[in-house]
Amino acid sequence: MTTVLTYGTFDLLHWGHIHLLERAAELGDRLIVGLLTDEFNAQKHKEAYNSYEHRKYILEAVRYVDEVILERSWEQKIGDVQANNIDIFVMGSDWEGQFDFLREYCKVVYLPRTNGVSTSEIKSDLKG
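Offset between the sequence shown (1-based) and the working numbering: plus 152.
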C-alpha cells in the first residue's frame with residue numbers, strides 16, 4: 153500500500169484544492185492531509201475564514217481524503233512522515249524545493265498549481 157501525505161490550510165475549499173487532492177490521491181492508495189491548526193496559521197500571520205474543526209469536517213467529506221491529521225508546526229513533517237509510513241510527500245509547485253529535505257525519508261513530488269483559481273484571488277474578489 154502506497155501512502156501519500158500533503159499539507160495545507162484548505163480554507164474556502166475550491167476546485168483547485170480538489171484538483172490537488174485528486175492528483176495526490178492518484179499517486180497512491182491512501183491520502184493523508186496535514187491540516188494547519190488555527191494556532192499555526194496565526195503564527196504564520198495567516199487567518200482562515202473557517203475554523204480548524206470546520207475545515208477538517210469539509211476535508212473529511214472529500215472522497216480523495218482518507219485521513220486528516222493536525223499540523224501544528226513546520227518542524228513536525230519528518231516525524232509525520234515516519235509515524236505514518238509515508239511513501240510520497242506532495243505539495244503544490246509554488247513550494248518547489250522547500251521540502252526536498254524529506255527526500256531522505258520518502259519520495260517528494262511537487263504538483264503544478266491549478267491555473268485560474270486560488271484562495272487569495274477569491275478573498276480579493278469578495279472584497280471587491
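In this text, a Cβ means the ideal position worked out from N, Cα and C, and glycines have one as well.
1. In whole angstroms, what separates the C-alpha of L254 from that of K279?
2. Are the CB atoms of V220 and L187 within a distance shorter than 8 Å?
3. Shortest alpha-carbon distance to K229 belongs to which of A177, E256, E212, R207?
4. Starting from M153, follow its DSSP beta bridges and name the residues at the other end.
5. Can you tell me whether E205 is buried or exposed? The criterion is at least 16 other CB atoms within 10 Å of its CB, across all chains shown.
6. Skipping 5 residues on each side, what residues in its chain have a beta carbon closer than 6 Å to that of D218?
7. Could you tell me the boundaries of the alpha helix (DSSP H) in which E199 lies?
8. What residues are listed by DSSP as bridge partners for T266?
9. Use the C-beta contact count for G231: other C-beta atoms within 10 angstroms, 16 or more gives buried, fewer gives exposed.
10. Quick check on F251: does DSSP put it in helix, strand or coil?
Result, derived from the coordinates:
1. 38 Å
2. yes
3. E256
4. The partner list for M153 (beta bridge, DSSP) is empty, contrary to what the question assumes.
5. exposed
6. R182, L183
7. Unbroken run through E199: none, as it is neither H nor E.
8. DSSP, once it has assigned bridges, lists no residue as partnering T266.
9. Under this definition G231 is an exposed residue.
10. coil
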